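>
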Amino acid sequence: MSVKQSLQAAALRESLRYVRRNPEQNFARLIALIRPFARLPWHREIIQQAGEMWADPQNNWRRFTERALQQLAPNVAEKIVMNFFLNACLSGVATARTVEKEHDCNVPWAILMDPTSSCNLHCEGCWAGEYARGEHLSLEELDGIIEQGKELGVFFYLYSGGEPLLRAADILKLAEKHSDAVFCAFTNATLVTPELAAQLSEVGNVALAISVEGFDKVNDFRRGEGTYARVVRAMDLLREVGAPFGFSTCYHAQNTEQVASEEFVDAMVEKGCLFGWYFTYMPIGQHARPELLVTPEQRQLMYERVHEFRATKPIFLLDFWNDGEYCNGCIAGGRHYLHINAHGDVEPCAFIHYASTNIREATLLEALKSPLFMQYRQHQPFNKNPLRPCPLLDNPDALVEMVTQAGAYSTQRRDSEPVEVVAGKCREAAAKWAPVADAIWQERTAKQVKQAI
Ligand code: SF4
301 MSVKQSLQAA
311 ALRESLRYVR
321 RNPEQNFARL
331 IALIRPFARL
341 PWHREIIQQA
351 GEMWADPQNN
361 WRRFTERALQ
371 QLAPNVAEKI
381 VMNFFLNACL
391 SGVATARTVE
401 KEHDCNVPWA
411 ILMDPTSSCN
421 LHCEGCWAGE
431 YARGEHLSLE
441 ELDGIIEQGK
451 ELGVFFYLYS
461 GGEPLLRAAD
471 ILKLAEKHSD
481 AVFCAFTNAT
491 LVTPELAAQL
501 SEVGNVALAI
511 SVEGFDKVND
521 FRRGEGTYAR
531 VVRAMDLLRE
541 VGAPFGFSTC
551 YHAQNTEQVA
561 SEEFVDAMVE
571 KGCLFGWYFT
581 YMPIGQHARP
591 ELLVTPEQRQ
601 LMYERVHEFR
611 ATKPIFLLDF
621 WNDGEYCNGC
631 IAGGRHYLHI
641 NAHGDVEPCA
651 FIHYASTNIR
661 EATLLEALKS
671 PLFMQYRQHQ
681 PFNKNPLRPC
691 PLLDNPDALV
701 EMVTQAGAYS
711 TQRRDSEPVE
721 VVAGKCREAA
731 AKWAPVADAI
741 WQERTAKQVK
751 QAI
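Per this note's numbering, the sequence shown starts with residue 301, numbered consecutively.
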């Protein structure tokens, strides 16, 4: 860390402590204090927006900030702000852009890895279930990926699986060792105990994204009887000790209306979720159920609801498929993120089970330059409409071409599928979504043009 960065970090840490002492008064004072130092137009814009947000007690982002400050343990709030905003979003991104230029390859902002492919649940249609069970990335391998990633500017690490909390001890060790990074584990939360919740609060830089697919009946349909009750219990335990968590929801043909409802989002806020991450069902693997794919109407409903809630609810919401407009389409292939499965295969995305290299045989940088990743780099964005971002779900021919050109292999060792077969399962859904997405995007851009005039 340079002297300038250390000074920035110290200033940010002190500002946070100052605000925490009396958020009501001190947030506004801090804004007034830093306003004269804003040099660049976007600095002034952010400060202006923060000031406006705080001036309105009903503003959902003000309510979100107040909630986070009140709910999170002090060390957690400090670590999340420092590691996420300063290290991952500011200094990390700057390093990544330099490496990207130097090596002419994508360098991600976040890395998703699977500590294990094993899971204690057996959810119907789960993509992770298509990997062979019992595969693991060792503690040393996970550590090696993080060490290499930080060199490239990556300070945000996510865990999926399998059930990552089967490796809770290693996850805590890594968080402690890499106390400048921020971690998030996608978990079914059934293994959260009071002891684990306390350890997560103490280490401070690991958030849990808890899988929930609706209220009890709807959730338990795919995830198993009694799972919802265990999720709610885990949320209570985490909240009690000020550990950070949110929900992670897969929306499909049978639950979209429920998880897109105000009632569901309000319940998650009530339980203490600070963020919510929506994914849509993908028909991956030979046991996939394409009938669970959402209809265009359901995908549109989710798009509209997430926008509405983002402007009104005190929670940070993301929609992995419908938020392409904020990042110019697909983020995979190392453009903003990549996935390393429990066998070490470096995949462009958790939903794309093809690779041309394995982290046990290549460095992270070599993996970023591997044929499939270079195909992604050459072809992104896959569609002019960012609401049709995916090379599988929205533009299946693009994935067939890239996998073929790269000579990539299937990473589903137990149940490998030719890319043409996987793409074939998405063609109908892609064709139906295209006119709906184009109409939404046309209307949205027309509105933006009107506002700009
Ligand atoms: S490959 Fe598809 S699912 Fe993965 S990041 Fe890109 S758009 Fe999203």
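Heads up, the beta-carbon is just placed ideally off N, CA and C, and yes, glycines get one too. None of these values were measured; they are calculated from a predicted model.
Would you say CYS630 touches the ligand SF4, meaning its beta carbon is less than 7 Å from a heavy atom?
CYS630: yes, Cβ under 7 Å from the ligand SF4.
> TRP342: buried (16+ other C-beta within 10 angstroms of its C-beta) or exposed?
So TRP342 ends up on the exposed side.
> Give every residue of the same chain whose Cβ lies closer than 7 Å to the Cβ of ALA698, excluding the five residues on either side of it in the sequence, and list them in chain order.
The residues are HIS679, PHE682 and PRO691.
> Which runs of the alpha helix (DSSP H) at least 4 residues long sit entirely within the segment 621-693? Give them in chain order.
Listed in chain order, the complete alpha helix (DSSP H) runs (minimum 4 residues) inside the segment 621-693 are 664-668 and 671-679.
> Taking 7 Å as the line, does the beta carbon of LEU693 fall inside it for any heavy atom of the ligand SF4?
Answer for LEU693: yes, Cβ within range of the ligand SF4.
> Given 7 Å as the limit, tell me if CYS649 has its C-beta closer than that to any heavy atom belonging to the ligand SF4.
Flag set: Cβ of CYS649 near the ligand SF4.
> Which class does CYS550 belong to by DSSP, given the choice of helix, strand or coil?
Strand.
> Where are the beta strand (DSSP E) runs, 3 residues long or more, that stay fully inside the segment 533-587, in chain order?
Whole beta strand (DSSP E) segments, 3+ residues: 545-551 and 575-580.
> Quick one: does the C-beta of PHE620 sit closer than 7 Å to a heavy atom of the ligand SF4?
PHE620: yes, Cβ under 7 Å from the ligand SF4.
> Nearest-angstrom Cα distance between ARG367 and LEU672?
When rounded, the distance between both Cα atoms is 42 Å.
> Heavy atom of the ligand SF4 less than 7 Å from the Cβ of CYS726, yes or no?
No, the ligand SF4 has no heavy atom inside 7 Å of this Cβ.
> Excluding the five sequence neighbours on either side, which residues of its own chain have a C-beta within less than 7 Å of the C-beta of MET353, listed in chain order?
Taken in chain order, the residues that qualify are ASN359, TRP361 and ARG362.
> Assuming PRO648 and GLY633 are in contact, meaning their beta carbons sit under 8 Å apart, how far apart are those beta carbons, in whole angstroms?
Between GLY633 and PRO648 the Cβ distance is about 4 Å, and since that is below 8 Å, they are a contact.
> Does DSSP put HIS607 in a helix, in a strand, or in coil?
Residue state, collapsed to three classes: helix.
> Only counting the same chain, and skipping five residues up and downstream in sequence, which positions put a Cβ closer than 8 Å to that of LEU472?
Within the same chain, LEU472 has close Cβ partners GLN499, LEU500, VAL503 and VAL506.
> Under three-state DSSP, which class holds ALA746?
Helix at ALA746.
> Contact between the segment 717-730 and the segment 658-666: three or more CB pairs below 8 Å?
Because the criterion of three Cβ pairs below 8 Å is not met, the segment 717-730 and the segment 658-666 do not touch.
> Starting from SER511, trace the beta strand (DSSP E) both ways and give me its first and last residue.
Per DSSP, SER511 belongs to the beta strand (DSSP E) from 506-511.
> Please state the DSSP three-state secondary structure of LEU412.
Three-state result, LEU412: strand.
> Taking 8 Å as the cut-off, decide whether the C-beta atoms of GLN650 and ILE659 are in contact.
The residue asked about is misnamed: residue 650 is Ala in this sequence, not Gln. Going by C-beta atoms, ALA650 is not nearer than 8 Å to ILE659.
> Alpha carbon to alpha carbon, what distance is there between LEU491 and ARG523?
Spanning the two alpha carbons is a distance of roughly 15 Å.
> Given a cut-off of 8 Å on the beta-carbon distance, is the pair ALA734 and LEU593 in contact?
It is not a contact, given that the beta carbons lie outside the stated cut-off.
> Taking 8 Å as the threshold (C-beta atoms), are VAL376 and GLN600 in contact?
Against a cut-off of 8 Å, the Cβ pair of VAL376 and GLN600 comes out as no contact.
> Taking 7 Å as the line, does the beta carbon of CYS405 fall inside it for any heavy atom of the ligand SF4?
For the ligand SF4, not one heavy atom lies less than 7 Å from the Cβ of CYS405.
> Taking the alpha carbon of VAL399 as the reference point, which residue from VAL749, PHE620 and GLY453 has its own alpha carbon closest?
Selected option, being the one with the closest Cα: GLY453.
> Tell me whether GLN675 is buried or exposed, calling it buried when 16 or more other Cβ atoms sit within 10 Å of its Cβ.
So GLN675 counts as buried.
> Leaving out the 5 sequence neighbours to the left and right, which residues in its chain are closer than 6 Å to ALA489 when beta-carbon positions are compared?
ILE510, VAL531 and ALA534.
> Please state the DSSP three-state secondary structure of ALA469.
ALA469 falls in the helix class under three-state DSSP.
> What's the gap between the Cα of ASN326 and the Cα of VAL518?
Cα to Cα, ASN326 sits roughly 44 Å from VAL518.
> Tell me whether PRO689, by its Cβ, gets closer than 7 Å to a heavy atom of the ligand SF4.
Yes, since a heavy atom of the ligand SF4 falls inside the 7 Å radius drawn around the Cβ of PRO689.
> Using the C-alpha atoms, what's the distance from ALA332 back to GLY351?
So the alpha carbons of these two residues sit roughly 8 Å apart.
> Does VAL722 come out as helix, strand or coil in the three-state DSSP assignment?
If DSSP states are grouped into helix, strand and coil, VAL722 belongs with the helices.
> When you compare only the Cα positions, how much space is there between SER561 and PHE486?
Cα-Cα distance, rounded: 22 Å.
> Tell whether a beta-carbon distance below 8 Å holds between LEU316 and GLU378.
Yes, the pair counts as a contact, with Cβ atoms nearer than the cut-off.
> Nearest-angstrom Cα distance between ASP645 and LEU466?
Distance between the alpha carbons of ASP645 and LEU466: 20 Å.
> CB of ILE652 to nearest heavy atom of the ligand SF4: below 7 Å?
Flag set: Cβ of ILE652 near the ligand SF4.
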